Amino acid sequence: MSVTRAEVCVVAAAEIFRGAGEIMASPMSTVTTIGARLARLTFEPDLLLSDGEALFFAEVPAIGAKAPVEGWIPFSKVFDVVASGRRHVVMGANQIDRFGNQNLSAFGPLQQPKRQMFGVRGAPGNTINHATSYFVPRHTKRVFVDQVDIISGIGYDRVDPDNPAYRFHHLHRVVTNLGVFDFNGPDHTLRALSLHPGVGADEVAENTSFEIAGLAEAGETRLPTEEELRIIRTVLDPKGFREKEVAA
Amino acid sequence: MRDKRMTLDEVVGELRSGMTIGIGGWGSRRKPMALVRALLRSDVTDLTVVTYGGPDLGLLCSAGKVRKAYYGFVSLDSAPFYDPWFAKARTEGAITVREMDEGMVKCGLQAAAARLPFLPIRAGLGSAVLDFWEGELATIPSPYPAADGRVETLVAMPALNLDAAFVHLDLADKHGNAAYTGVDPYFDDLYCLAAERRYVSADRLVETEELVKAVPQQAIILNRMLVDGVVESPGGAHFTFSGSYGRDEKFQKHYVAAAQTPESWAEFKGRYLDVPETEYQAAVHAFAEEQKL
């Protein structure tokens, strides 16, 4: 069976956490949850994973399944973890710009939006306190825009270098259905690290409103190892939920 | 010790239009929905609401009772996630919002609980939150420079002082001792600490002795000093969940679907909202039976 795009995304999501150590991994979607669990089962055994509600898992379950727990993490304590910095969140995004400003709040004017989403949620606190990455299952010009309508998650051009309160800001990766990116382009702009097998630079450029640094030079995203594929397919996601989030 | 038992309508009878009300729970989780329904039956309006928003805020918006809202998010926690009535109030510009980071809500309630004018917090800096607050949110430099001499400037989160708080817990006694039985207390103790008048509804009222035997001590998050009125309201969190029942996903979807047209909403309102709580619970039971057919 050939490797699917969703499986490449799962491994790219796992790679977000390489080197993270003993911190709370907070993935906010199916593919990134499988990715974080894969990382924990392979190269990042000390990651803390929650059930998304209030419990820390002692063992790593399949998507949607239960597992023995090792601790308690109600929402109030999540905010303590956020402020402590010992966390790496992978959020979704309705919009992202070249500097990493992100919007999941609403489209249009602040006090009378054209379309209402969640509000800013924990995005301002996440992005100013600890490592933040994004996952975009459908990479389009409507997501990768010149300017986001409402800044929920803060980008590099929002950082005040004279104010040390911004010193913990770090946007680590953006993983999409097309490739893997970071913000190490000129002036902390979006840069291509790798494109998924079968994806060309043209396809990425056509689906992004701004120029991405390093797009022509980007290599290919690594494929899952046999062991990773086994874990994804038989342990973490035997029902194939990943394929629903990332179209083949 | 005082007997604080009240009816839902008596609680709402103590509120006035224009008040700032904090609503406990989180999203579509353990919301004091019966108290919100009682508000809908009353003529109390022009409210400022402080909440981790869910269908509580949606229902209040459906009745045009919200003037201003302070929230970290608004979510139904399951598909379609976005509350339709909150969305309508927003896109029509019917409410003024002070949207903020989720952690800022906790921080503002803590400031109010400790009777402080503000607490410093990092969250909010650099984001649109300061724009949402239209000059009502300030920053503050630390009086203690770091070792390198640089000064950290933080958001000065103002106290979220409340005229009243509504919370729903699973178990309470008639004096206001109350406990949750699920996995998360949310912030219900903070809402009560931040408020002038505090009202708790509970699925079950029991004697104090039974309360303390039923749960671990740490689960008794409200004591008598934090509560002015106690309402026994079985199913009072419906259609959000409480410790002893799950979220009624089918009914929540029914609520969302009903909000789509004036006709379907009039029908929903007539059947579920223009009636006393006992009739709401009967109608919800009937709806569940219909869904099984």
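Listed in order, the protein sequences are those of chains W and Y. Number 266 in this note's numbering belongs to position 228 of the first sequence; there are no gaps in the numbering. Number 763 in this note's numbering belongs to position 158 of the second sequence; there are no gaps in the numbering. By construction, the Cβ of each residue, glycine as well, lies at the ideal position given by its N, Cα and C atoms. Computed from a prediction, not measured in an experiment: that's the story for all the values here.
For residue 162(W), the uninterrupted alpha helix (DSSP H) segment begins and ends at 161-167.
Restricting attention to alpha helix (DSSP H) runs no shorter than 4 residues, the region 753-807 of chain Y encloses them at 793-799, ordered along the chain.
Per the coordinates, the alpha-carbon of residue 658(Y) lies some 16 angstroms from the alpha-carbon of residue 767(Y). Within chain W, the residues 112, 114 have their CB atoms less than 8 angstroms from the CB of residue 790(Y), given in chain order.
A Cβ-Cβ distance of about 33 angstroms is found for the pair residue 92(W) and residue 649(Y), leaving them out of contact under the 8 angstroms criterion. Residue 850(Y) carries a strand assignment under DSSP once its states are collapsed to helix, strand and coil. For residue 226(W), the closest alpha carbon among the candidates 249(W), 233(W), 47(W) is that of 249(W). Shown in chain order are the members of the region 748-759 of chain Y whose Cβ falls below 7 angstroms from a Cβ of chain W: 751, 755, 757, 758, 759.
Chain W places a beta carbon closer than 9 angstroms to that of residue 734(Y), counting this residue as a contact.
If you ignore the 5 residues before and after residue 834(Y), its C-beta comes within less than 7 angstroms of the C-beta of 609, 611, 616, 804, all in its own chain and listed in chain order. Nearest neighbour of residue 672(Y) by Cα position, chosen from 879(Y), 808(Y), 626(Y), turns out to be 626(Y).
The DSSP-derived three-state label of residue 282(W) is helix. Rounded to whole angstroms, the separation of the alpha carbons of residue 66(W) and residue 211(W) is 14 angstroms. The continuous stretches of alpha helix (DSSP H) do not include residue 108(W), which lies in the beta strand (DSSP E) extending over residues 107-110. When Cβ pairs closer than 8 angstroms are counted between the two stretches, the region 197-213 of chain W is seen to touch the region 752-759 of chain Y, the count reaching three or more. Using a 10 angstroms sphere on the CB of residue 155(W), the tally of other CB atoms reaches 16 or more, which defines it as buried. Within the same chain, and ignoring the five residues on either side of residue 235(W) in sequence, the residues whose Cβ sits closer than 6 angstroms to its Cβ are 258.
Counting along the chain, residue 51(W) sits inside the alpha helix (DSSP H) bounded by residues 43-54. For residue 55(W), same chain residues with a beta-carbon under 7 angstroms away, outside a window of 5 residues either side, are 63, 74, 77, 82, 85, 126 in chain order. When DSSP assignments are scanned along the region 158-218 of chain W, the uninterrupted stretches of beta strand (DSSP E) that are 3 or more residues long and fall wholly within it turn out to be 169-174, 208-214.
Beta-bridge annotation (DSSP): residue 62(W) is paired with 86(W), 125(W).
The DSSP-derived three-state label of residue 249(W) is coil.
Around the beta carbon of residue 606(Y), fewer than 16 other beta carbons lie within 10 angstroms, which makes this residue exposed. Here residue 158(W) is not near residue 792(Y), since their CB atoms are 9 angstroms or more apart.
Any Cβ of chain W closer than 9 angstroms to the Cβ of residue 819(Y) would place that residue at the interface, and such an atom is absent. Across the structure, residue 636(Y) and residue 807(Y) are spaced so that their CA atoms are roughly 11 angstroms apart. In this structure, residue 224(W) sits away from residue 48(W), with a CB-CB distance that is not shorter than 9 angstroms.
Residues of the same chain with a CB within less than 8 angstroms of the CB of residue 862(Y), apart from the 5 flanking positions on each side, are 869 in chain order. Rounded to the nearest whole angstrom, the C-alpha separation of residue 815(Y) and residue 822(Y) is 12 angstroms. Under the three-state reduction of DSSP, residue 134(W) is assigned to strand. The C-beta separation of residue 229(W) from residue 251(W) comes to about 4 angstroms, placing the pair in contact by the 8 angstroms criterion.
Per DSSP, reduced to three states, the secondary structure at residue 618(Y) is helical. Contact between residue 733(Y) and residue 709(Y) fails: their C-beta atoms lie close to 13 angstroms from each other, not under 8 angstroms. For residue 885(Y), the uninterrupted alpha helix (DSSP H) segment begins and ends at 882-897. In this structure, residue 731(Y) sits near residue 165(W), with a CB-CB distance shorter than 9 angstroms.
For residue 744(Y), the enclosing beta strand (DSSP E) has its first and last residue at 743-746.
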